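Notes follow once the structure below has been shown.
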Amino acid sequence: MASDPVEVAPLLLNKVLTCGPVSGRIVEVEAYKGSEDPASHAFRGESARNAVMFGPPGHLYVYFSYGMHHCCNVVCRPAGVAGAVLVRALAPTSGLEVMRRRRPHAERDRDLCSGPGKLCQALGLNRDFDGLDLLSSASTVRLLDDGRPAPTAGELGSGPRIGISAELTSAAEPWRFWVVGDANVSR
DNA sequence: CTTTGGATCGTCT
DNA sequence: GACGATCCAAAGG
-10 MASDPVEVAP LLLNKVLTCG PVSGRIVEVE AYKGSEDPAS HAFRGESARN AVMFGPPGHL
50 YVYFSYGMHH CCNVVCRPAG VAGAVLVRAL APTSGLEVMR RRRPHAERDR DLCSGPGKLC
110 QALGLNRDFD GLDLLSSAST VRLLDDGRPA PTAGELGSGP RIGISAELTS AAEPWRFWVV
170 GDANVSR
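The opening position of the first sequence corresponds to residue -10 in my numbering, with each subsequent residue numbered one higher.
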């Protein structure tokens, strides 16, 4: 959990993210390095918004974007060094009724968590949850291992990250990872 | 099915 | 004052 985001990202696949009655299996992620990655919020140094990315690993970094959406990340480098993994999609595993109520526009269950903004809406996450320790049993949001292993080489997809300006030097890096064939992967 | 444009506001320049 | 680590609806093939 405390190493290079590009190494950690694929290992988070098939882990379970849970918040109260609602939970889902992680099926798509993106790695964001800190100082070496122009696409990272931490590239230009620490600020009030991204402070959690500079804190200890295993904590939740939640940001607000586009004036209406929240996205959540797992911090994964030692305190003082920025780095995180964006959770892009979940396969819903429990609390589906609550998710549907929070996301009335979702017509199919695969629309509930198939995007970083969607899954935060489904889990009810916002900036109030920024900084939570995902590995503490006392936290309202937790990252759990239910025994399913990370995808094998044949089950693991990878490619360029989504929504990154093409002019950035790291835009073409294959730092997006997903579970091949899962219906909840975005797009 | 794919493409396009609008919504909306915290954050940093 | 500009710009997003996005989502959705509407319009066009």
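Backbone N, C-alpha and C define an ideal beta-carbon position, used for all residues, glycine too. Here the structure is a predicted model, which is why all the values come from computation and not from measurement.
Item, Value
"Check whether the Cβ atoms of Met88 and Val5 sit closer than 9 Å, and answer yes or no.", "no"
"Cβ of Leu177 within 9 Å of Cβ of Asp119?", "In the structure displayed, the chain extends from -10 to 176; residue 177 sits before or after that span and is not available."
"Look up Phe43 in the DSSP assignment and give the residues it is bridged to.", "None; Phe43 has no bridge partner."
"So Leu1 and Ile15 are supposed to be a Cβ contact under 8 Å. How far apart are they, rounded?", "5 Å"
"In whole angstroms, what separates the C-alpha of Asp26 from that of Gly170?", "29 Å"
"Report the three-state DSSP secondary structure of Glu181 (helix, strand or coil).", "There is no way to answer for residue 181, as the model of the chain reaches only from -10 to 176."
"Would you mind giving the Cβ-Cβ distance between Leu114 and His58, rounded to the nearest angstrom? I have them listed as a contact below 8 Å.", "That belief does not hold up - the Cβ atoms of Leu114 and His58 are roughly 11 Å apart, past 8 Å."
"Assuming the contact rule is C-beta atoms closer than 8 Å, Arg77 and Val18 should be a hit. Round their C-beta distance to whole Å, please.", "6 Å"
"Just to confirm my understanding: we take Leu108, look at its own chain, exclude 5 residues before and 5 after, and list those with CB closer than 6 Å. What are they?", "Leu79 and Cys102"
"By the DSSP assignment, the beta strand (DSSP E) with Gly148 in it spans what residues?", "Leu145 to Gly148"
"For a test of the three-state rule: what should DSSP assign to Phe32, helix, strand or coil?", "coil"
"List the residues that DSSP assigns as beta-bridge partners of Phe166.", "Val18 and Ser147"
"Under a three-way DSSP split, which group does Leu123 fall into?", "coil"
"With distance defined between alpha-carbon atoms, name the residue in Leu157, Trp167 and Ser126 nearest to Leu145.", "Trp167"
"At what residues does the beta strand (DSSP E) containing Cys109 begin and finish?", "From DSSP, Cys109 is part of no beta strand (DSSP E) but of the alpha helix (DSSP H) over Pro105 to Leu112."
"What does the Cβ neighbour count give for Ser24, buried or exposed, with the cut at 16 atoms within 10 Å?", "exposed"
"Hey, could you find the ends of the beta strand (DSSP E) Val174 is sitting in?", "Looking at the DSSP string, Val174 is not in any beta strand (DSSP E), and its letter there is neither H nor E."
"Taking all protein chains shown into account, decide if Pro81 is buried (16 or more other Cβ within 10 angstroms of its Cβ) or exposed.", "buried"
"Taking the straight line between their C-alpha atoms, what separation do you get for Gly13 and Leu157?", "32 Å"
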